[in-house]
Amino acid sequence: SAVISQKPSRDICQRGTSLTIQCQVDSQVTMMFWYRQQPGQSLTLIATANQGSEATYESGFVIDKFPISRPNLTFSTLTVSNMSPEDSSIYLCSVEGAGRGEQYFGPGTRLTVT
Amino acid sequence: KQEVTQIPAALSVPEGENLVLNCSFTDSAIYNLQWFRQDPGKGLTSLLLIQSSQREQTSGRLNASLDKSSGRSTLYIAASQPGDSATYLCAVTPRSGGSNYKLTFGKGTLLTVNP
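Pasting the structure below:
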């Protein structure tokens, strides 16, 4: 299994500002994923981040709102830009384990936008 | 479009009881199914992974079954303990080539085990 850490663990931000969330993995992985979990809802995939290429975004998510960086095989960042209260969610990164298609998740970043 | 449904949405049981959580999915062309646990305000912990060719997986007091043809999975928890209290999420990945990493989640079952 992979050990994943995220920073910050939580934050309270004002609308119109941006927040960058960091995700660090203890081993090299090809694909990293960013999910959003809105209050009372399940997880929704935002984008897939591969090292050395642009992230692939799911329907309903755009790069201008959620720019992603993937500078190496153990690290990624997700920025939530020009935030509004609707962006209040838990943001989680995940990675795929070797071979079996199992995914492992970080502890999440709880974002509140006021 | 794959949809995953979990029933019940919430469940409260006394300590020591055996219980079953249900998960159903609309598209049987899955690569695997994974059960997760989520504690309040926290990330997800992977509990069990069942490949599409498997019928069940066991880990300690947990047993997950998969009936792909009917689009159903169950998570059985034996001798429940207060520490089992959490939200349990079921997620599937599609068999479609090149995207068998895209998890589709259910909304989860909130389990409370009362001492």
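Which chain is which? The protein sequence lines are A and B, in order.
Start counting at 1 in the first sequence, then tack on 858, and there's your number in the numbering used here.
Start counting at 1 in the second sequence, then tack on 73, and there's your number in the numbering used here.
All C-beta atoms, glycine included, are put in the ideal place defined by N, C-alpha and C.
Residues bridged to residue i (per DSSP)
| i | result |
| --- | --- |
| A/Met-890 | A/Ala-907 and A/Val-953 |
| A/Phe-933 | A/Gln-882 and A/Asn-930 |
| B/Asp-100 | Partner(s): none; B/Asp-100 has no beta bridge. |
| B/Glu-53 | No answer is possible for residue 53 of chain B: it lies beyond the span of chain B, which begins at 74 and ends at 188. |
| B/Thr-185 | B/Ser-85 |
| B/Val-165 | B/Leu-106 and B/Thr-177 |
| B/Leu-120 | Per DSSP, none; premise fails for B/Leu-120. |
| A/Ser-947 | A/Leu-969 |
| A/Asn-940 | A/Asn-940 pairs with nothing; no bridge assigned. |
| B/Val-93 | B/Tyr-149 |
| A/Gln-899 | According to DSSP, A/Gln-899 bridges with nothing at all. |
| A/Ser-863 | A/Gln-882 |
Which of helix, strand or coil DSSP assigns to residue i
| i | result |
| --- | --- |
| B/Asp-157 | helix |
| A/Glu-916 | coil |
| B/Pro-113 | coil |
| A/Asp-922 | coil |
| A/Thr-875 | coil |
| B/Lys-74 | coil |
Listed by chain order, chain A residues near residue i by CB distance under 8 Å
| i | result |
| --- | --- |
| B/Gly-179 | Ser-900 |
Amino acids of chain B, ordered along the chain, whose beta-carbon sits closer than 7 Å to that of residue i
| i | result |
| --- | --- |
| A/Pro-831 | Given that chain A is displayed from residue 859 to residue 972, the structure contains no residue 831 of chain A and the question cannot be resolved. |
| A/Gly-966 | Lys-115 and Gly-116 |
Near the ligand MN: residue i beta-carbon under 7 Å from a heavy atom
| i | result |
| --- | --- |
| A/Tyr-962 | Among the components modelled here there is no ligand, and therefore nothing to report on the ligand MN. |
Under 8 Å from the C-beta of residue i: neighbouring residues of chain B
| i | result |
| --- | --- |
| A/Leu-903 | Lys-175 and Leu-176 |
| A/Phe-963 | Phe-109, Gly-116, Leu-117, Thr-118 and Ser-119 |
Per-residue contacts from residue i into chain B (C-beta, under 9 Å)
| i | result |
| --- | --- |
| A/Glu-954 | Tyr-174 |
| A/Leu-950 | Gly-116 and Leu-117 |
To be precise: take each residue of the stretch 878–894 of chain A, compare its Cβ to all Cβ atoms of chain B, and keep it if any distance is under 9 Å. Which residues remain? Met-889, Phe-891 and Tyr-893
Residues of the stretch 108–127 of chain B with a CB closer than 8 Å to any CB of chain A: list them in chain order, please. Phe-109, Gly-114, Lys-115, Gly-116, Leu-117, Thr-118, Ser-119, Leu-122 and Gln-124
Contact set between the stretch 146–170 of chain B and chain A, restricted to residues whose Cβ is under 9 Å from the partner: Of all residues in the stretch 146–170 of chain B, Leu-162, Ala-164 and Thr-166 have a Cβ within less than 9 Å of some Cβ in chain A.
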